[in-house]
Each structure stands twice: as structure tokens, then as C-alpha cells.
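What follows is a short report on a single structure.
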Amino acid sequence: MSVLQRYFAREIIRSVLFVLLAFLVLFAFFDLINELPNVGRGGYRIQHAFLFVLLGLPGYTYELMPIAALIGTIYALAQFAARSEFTIMRVSRMSTSMAIWMLARIGVLFVGLTFLFGEFISPQTTEIAQKLKLQAKDAGLSHEFRSGLWAKDVIREKGITGEVIGSRFVNAKEMRLDGKLIGVKLYEFDRDFRLTALIRAEQGDYRGANRWNLTNVSETRFAANSTGPQASIKEFSEAISSKSMAQSELVSEITPEILSVLFADPDRMS
């Protein structure tokens, strides 16, 4: 790369980074103001608010990089023109195609950085920020619903493989930071969406390989025709079977990694 090309790239990159930094400071200031009402709740202190805002900056970097690149490039080119440097560059044998090629290479650099922040850095820091906030406030995740968080699952013939034979709705009062579910309820339906089982558990711990360990379980199962509109009270009562277990294993496609998306800010999801 010639001296001219290095100078051209350095000035544009410097301008883009300056604009990006200005945007990040502005957005961080507004985020910090929004976090101040949470300071004092539980163990949430001002240092947690600063760290929460800091961890949110990669997400803003991903969102603001295209705008900063546009404004920064225009500003740098305007400065070249104001100082008559374009004239000097043309005298130095810089053609229009060469200028476009240099801009394209700089653009590829910023595209790569945007992809890096959007696909790898931002999702990680956003999840860490949300977990930090909940941990500092000594709170679990209930997804801000009175009934807790909900997730839909499928029931297959052979665990997580085979043909789908029904559906399952998972309800938990709270999800802890370690992925543990508190106050679990499972509603299982057959293919015709008839209720076949109602399972309650005090808590659920993920054991890996799509398996959850449920503790203090009470299970109520309904026969195939017991929940229909024509079923009599006697038939309904006879078709119900209940049992209690200290522990039970649940095979599910739902994992803590899937539920962890609830920690993400919906405004940052796409």
C-alpha cells in the first residue's frame, strides 16, 4: 500500500471512529439516565448501572456502524476537498477508479466489523448484561408476566427423535440465572389438542442432552376420551390417574440456551 493510500484510509477510518464514538457516548448517556431509577433496588448499585451500560455498547456499535461509516466518510472527503487535497491526489496519479477501489476496501473492513459485533460480540455482552442486572437485583426471570414464562415444546415417539405425537406447553414461575426452573407446570396435548397430562414440579434442573430432572413431581394423566364434551362425570373421574414422584426425567427440545433469549433486550433482536 502506497503512502497516499495509507493516508486516505487513515483519515477516513479516523473520522468514522470519531463519529461512532460520539454516537456511543450519547446513547450511553441516555441509557445511564434510564438505569438510574433501578439503582437501589436489591443489590443494584451505580457501579452495576455503569457496567450494564458498558456491556450494551457492542449492540449499539452494530446498529450505528453503518451510519457512522456514512457520516465519517462524507466528513473526511469534505475535509479533503476543503484543503484542496483532492487536487494534490489527482496530480499524484490517483484516478477516480483508484479512489473508488480504496473506498471499497475500507467499506469491506467496516462490513466485517459490523458482522463481528452483530453476530458474536453483541449477543454475548447483551446476555451478560441482563444476567448481571438480574443477579444484582437478586431477581429471577419471569418474563414480566404474572403467570411466569411460557414455552412451547413437541412430544415425539422416541425422546427428541421420531414422529411428533403431541405438543407440550411449559410454564415456570421463575427462571434462575443458572437455568434452573422454579414452579414448573407441563400441559401435554395429543395431536387433536386434547389434554392428556398435567404435570407439576417444584423445580427443573437441566442435565444436558435435552434432559431435565424434575423434583417433587405430581402427575395427572387423562385417558383419550376423558376430556371430550360427551364424557360423563363418572367416565371422567375413572379415566384420571394421578401419582407423585420425588424425581422424574423430562426429555424436551427446550434447553437453557433456548430460554436464554429471554434475557436479551427485545429492541436489540432481529
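The sequence shown begins at 1079 in our numbering and counts up by one. The C-beta atom is built at its ideal place from N, Cα and C for all residues, glycine as well. Note that the structure is predicted; figures quoted are calculated from it, not measured.
Check whether residue i and residue j have beta carbons under 9 Å apart
i: V1248; j: S1330; result: yes
i: V1094; j: G1150; result: yes
i: G1282; j: A1250; result: yes
i: E1252; j: L1259; result: yes
i: L1110; j: V1131; result: yes
i: R1246; j: V1232; result: yes
i: G1226; j: Y1140; result: no
Secondary structure of residue i, DSSP reduced to three states
i: K1211; result: helix
i: H1221; result: Caution is warranted here: a pLDDT of 48 is assigned to H1221, below 50, making its placement in the model unreliable, and no coordinate value can be reported.
i: R1272; result: coil
i: L1098; result: helix
i: I1332; result: coil
i: I1111; result: helix
i: I1243; result: strand
i: V1117; result: coil
i: R1289; result: strand
i: M1172; result: coil
i: I1090; result: helix
i: S1296; result: strand
i: A1250; result: strand
i: A1279; result: strand
Separation of residue j from residue i, as counted between CA atoms
i: I1166; j: F1198; result: 42 Å
i: L1098; j: I1091; result: 10 Å
i: Q1213; j: L1255; result: 7 Å
i: W1179; j: L1191; result: 19 Å
i: I1277; j: I1336; result: 21 Å
i: H1221; j: S1320; result: Its pLDDT being 48, under 50, H1221 is placed unreliably in this model, and the value from its coordinates should be taken loosely. For H1221 and S1320, the distance between alpha carbons rounds to 30 Å.
i: I1238; j: A1182; result: 47 Å
i: A1275; j: F1300; result: 6 Å
i: K1209; j: A1146; result: 29 Å
i: V1081; j: A1160; result: 21 Å
i: S1322; j: L1328; result: 15 Å
i: E1089; j: A1156; result: 11 Å
i: H1126; j: F1101; result: 22 Å
i: F1188; j: F1107; result: 25 Å
i: N1116; j: L1135; result: 19 Å
i: R1171; j: F1096; result: 29 Å
i: G1257; j: A1207; result: 16 Å
Check: residue i C-beta below 8 Å from any heavy atom of the ligand MG
i: F1107; result: For the ligand MG, the structure offers nothing, since it holds no ligand at all.
For residue i, the first and last residue of its enclosing beta strand (DSSP E)
i: I1318; result: 1318-1329
i: K1230; result: 1227-1236
Return the chain-ordered ranges of every alpha helix (DSSP H) run that is complete within the segment 1123-1156 and spans a minimum of 4 residues. Correct list: 1124-1133.
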